[in-house]
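K.L.:
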Amino acid sequence: MVNIRLFRNKLGDIEKYVINGHANTAAYGEDIVCAAISVLAQTMILGINRTLESEPEWSAEEGDLVCIVPENITNEQRTQINTLLETMVLGFENIQSQYPEAIRIETKEVR
Numbered sequence: 013m014v015n016i017r018l019f020r021n022k023l024g025d026i027e028k029y030v031i032n033g034h035a036n037t038a039a040y041g042e043d044i045v046c047a048a049i050s051v052l053a054q055t056m057i058l059g060i061n062r063t064l065e066s067e068p069e070w071s072a073e074e075g076d077l078v079c080i081v082p083e084n085i086t087n088e089q090r091t092q093i094n095t096l097l098e099t100m101v102l103g104f105e106n107i108q109s110q111y112p113e114a115i116r117i118e119t120k121e122v123r
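With my numbering applied, the sequence shown covers 13 to 123.
1. Taking C-beta to C-beta, are Glu1 and Ile80 nearer than 8 Å?
2. Is the distance from the Cβ of Arg20 to the Cβ of Glu118 below 8 Å?
3. Closest to Ile16 by CA distance: which of Glu73, His34 and Asp25 is it?
4. Can you give the Cα-Cα distance for Phe57 and Glu67, rounded to whole angstroms?
5. Tyr29: which of Asp76, Asn84 and Cys46 sits nearest, CA to CA?
6. Within the present structure, is the beta-carbon of Glu67 separated from the nearest heavy atom of the ligand SAM by less than 7 Å?
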């Protein structure tokens with residue numbers, strides 16, 4: 013199962029997302045659920061990079077991905093990044109509706 017953890021601040025903004033595990037809906041290299049989740053998550057890193065004109069803090073290894081949104085950003089950048097990240101969440105939720113046994117989404121509040 014793929015576990016997606018979204019860490020939101022008190023305003024509801026996503027400050028970090030952590031993804032780990034495997035969907036196991038097909039053989040390694042042929043799993044469209046894992047591929048879809050990976051594409052969404054990695055595309056957000058590219059989108060944040062383009063919006064900020066610098067890379068967010070992130071790491072990716074086999075079956076694990078972490079992305080942290082920088083703290084020192086303008087309100088305009090935060091609005092743009094929120095749009096990107098909420099679109100990512102919509103994508104995750106869509107995948108979850110089709111493959112509920114393969115993906116779990118958790119939201120945690122950070123202080």
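Backbone N, C-alpha and C fix where the C-beta goes; we use that ideal spot for every residue, glycine too.
P.N.:
So, from the data block:
1. There is simply no residue 1 to check, as the chain begins at 13 and stops at 123 in what is shown.
2. No.
3. Check the Cα spacing between Ile16 and each of Glu73, His34 and Asp25: the tightest is with His34.
4. Checking the displayed sequence, the identity of residue 57 turns out to be Ile instead of Phe. One Cα belongs to Ile57, the other to Glu67, and the distance between them is close to 8 Å.
5. Asp76
6. The ligand SAM is not part of the structure shown, which contains no ligands of any sort.
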